Amino acid sequence: MDSRTLTDRLARAVEQDRVPGLHAVVVAHRGEVVLEHYGEGEDFRLGEPLGHVRFTPDTLHDVRSVSKSVVGLLYGVALADGHVPEPREPLLRHFPEYPDLAEDPRRAALTVEHALTMTLGLEWDENVPYTSPANDELAMELAPDRYRYVLERPIVDEPGVRRSYCGGATALLARLIEKGTGSALADYARDRLFEPLGITRFAWTTGTDGTAIAAAGLRLTPRGLLAIGGLVLDGGRDVVPASWLAAALRPRVRRDENSSYGYHWYTGEGWVGAFGNGGQRIHVAPPLDLVVAITAGEYDHPDQRTARAVLDEVILPGIER
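Oh and the sequence shown: position 45 is 45 in UniProt numbering, straight run, nothing missing.
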């Protein structure tokens, strides 16, 4: 493939305003970087304005809910290390600090796998803006005990039946990792995932109590995102166990007509991926030997079309099959 073709296609898309708010994109095809673009624009660290930023290869960027998929990988690493419970184990057994909740037989039936697939069956709403306390993810962070907040939510569905997008599920998984390893989430991520991948620049935004915001607080460079995508493409590289990766990427609950959800990763026909609010994306297409990392600034926009346009209009049509 001629990388100039992709560069020209992207330049036209930017000029024609078909990819508004695009901050960066890096593409690896057959193991080689064939496109790397950095733009500029207004950016935020969660709700904190960062002003106008000129992005470079070293600029950290919120990856928002891509954080969830990273936690999914970390859970598999911790499981192989013997630090966290198997997916089929009862969830509340590992939160003994809430014996009153475990007395409810319906809550006692919750498993770790229900958290991994976001099928807890608990009342949870993230459809309102993430600046509103009516959003359960923000309410969880404002609560005196974020884990109790999640686990005591009203039961509205049979567990395991329907996926309901839930940052609280990720917080529970992160807590299990921290309990089992004795390390803060960011420290464990650095030692067991990022450093083995050569990722030296990252940050994990914390709540007011100093605990990592597991569901949305990770900040990486686009090259860091690409490295995680490359790990997934390569079957784990002995960093994440291949058996866990296969389990995580297996479709477990239908999301829509084109995609399903595994263990904190999205899956579709010929691709797997991680998505984040604003247009953050890891797209891995094994049949094409392709990894794409995208960052953008369309946070909370109702129509976050930039990442999709970059993939569908620029990259995929220009890739040799």
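Every residue gets a Cβ at the ideal spot worked out from N, C-alpha and C, and that includes glycine. Note that the structure is a prediction, hence the values are computed from the model and not measured.
Asked, Found
"Let me know the secondary structure DSSP gives Thr5 once reduced to three states.", "helix"
"How would you label Asn277, buried or exposed, when you count the other beta carbons within 10 angstroms and need 16 or more for buried?", "buried"
"Rounded to whole angstroms, what's the CA-CA distance from Leu22 to Pro49? Just pull it up for me.", "17 Å"
"Can you find the residues in the same chain that come closer than 7 Å, C-beta to C-beta, to residue 324, ignoring five residues on each side of it along the sequence?", "With the chain represented from 1 up to 321, any question about residue 324 goes unanswered, as that position is not in the structure."
"Compute the distance between the beta-carbons of Thr117 and Val253, then report whether it is under 8 Å.", "yes"
"How far does the alpha helix (DSSP H) with Tyr38 in it reach, from first residue to last?", "Element bounds for Tyr38: not the alpha helix (DSSP H) but the beta strand (DSSP E), 32-38."
"Report buried or exposed for Glu195, applying the criterion of at least 16 other Cβ atoms within 10 angstroms of its Cβ.", "exposed"
"Look up Ser164 in the DSSP assignment and say whether it is helix, strand or coil.", "coil"
"Is the beta carbon of Ser69 sitting closer than 8 Å to the one on Ala215?", "no"
"Rounding to the nearest angstrom, what Cα-Cα distance links Leu172 and Ala115 in this structure?", "7 Å"
"So which of Ile155, Phe275, Ala11 has the shortest CA-CA distance to Leu218?", "Phe275"
"What are the start and end residues of the beta strand (DSSP E) that includes Leu120?", "Taken as a continuous stretch (DSSP letters only), Leu120 belongs to no beta strand (DSSP E), as it is neither H nor E."
"At a Cβ threshold of 8 Å, is Phe202 touching chain B?", "This model lacks chain B altogether; it includes just one protein chain."
"Let me confirm a value: Glu137 is counted as buried when at least 16 other C-beta atoms fall within 10 Å, else exposed. Which label applies?", "buried"
"Would you please state the rounded distance, in angstroms, between the beta carbons of Val33 and Ala174? I believe it to be under 8 Å.", "Wrong, their Cβ atoms sit about 31 Å apart, outside the cutoff."
"DSSP three-state call for Ala293: helix, strand or coil?", "strand"
"Can you tell me whether Pro251 sits near the ligand FAD, meaning its C-beta is under 7 Å from at least one heavy atom of the ligand?", "As presented, the structure is devoid of all ligands, the ligand FAD included, so that no description of it is given."
"How would you write the range of the alpha helix (DSSP H) that Asp136 sits in, first residue to last?", "136-142"
"If I measure Cβ to Cβ from Thr5 and keep anything under 8 Å in the same chain, skipping five residues before and after, which residues do I get?", "Gly318"
"Between the region 84-101 and the region 143-162, do at least 3 Cβ pairs fall closer than 8 Å?", "yes"
"Should Ala108 be labelled buried (16 or more other beta-carbon atoms within 10 Å of its own) or exposed?", "exposed"
"Any idea what DSSP makes of Val128, helix, strand or coil?", "coil"
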